[in-house]
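S.K.: Residues in the sequence shown are numbered from 1246 upward in steps of one, following my numbering. All C-beta atoms, glycine included, are put in the ideal place defined by N, C-alpha and C.
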Amino acid sequence: MKVVFLSLITGFIVGAIFKLLKLPIPAPNAFAGIMGILGIFLGAVFIEQIFKLLTK
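#1: Name the two residues that bound the continuous alpha helix (DSSP H) containing Met1280.
#2: Grouping DSSP H, G and I as helix and E and B as strand, with all else coil, what is Leu1253?
#3: Below 9 Å between beta carbons: does that hold for Pro1273 and Gly1281?
#4: So for Ile1270, helix, strand or coil by DSSP?
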């Protein structure tokens, strides 16, 4: 849970800095960005489970 909180705080700070410097936010629109992150996570979990099955 600590890593999740630190990731959220880091993202918040980076987003604030980008906005203060009037730079475009380095992320796609909200829904597409969230779905992309979810897809990356699910893909990693899937491959991890496949490796566990194959190495038994």
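M.R.: Taking the geometry as given:
#1: Taking the sequence shown and counting its residues from 1, the one referred to as residue 1280 is at position 35. Where Met1280 is concerned, the enclosing alpha helix (DSSP H) stretches over 1275-1299.
#2: In the sequence shown, counting from the first residue as 1, residue 1253 sits at position 8. If DSSP states are grouped into helix, strand and coil, Leu1253 belongs with the helices.
#3: Looking up residue 1273 in the sequence shown gives position 28. Looking up residue 1281 in the sequence shown gives position 36. Yes, Cβ-Cβ distance for Pro1273 and Gly1281 is below 9 Å.
#4: For the purposes of this step, residue 1270 is identified with residue 25 of the sequence shown, where counting begins at 1. Note: Ile1270 maps to coil in three-state DSSP.
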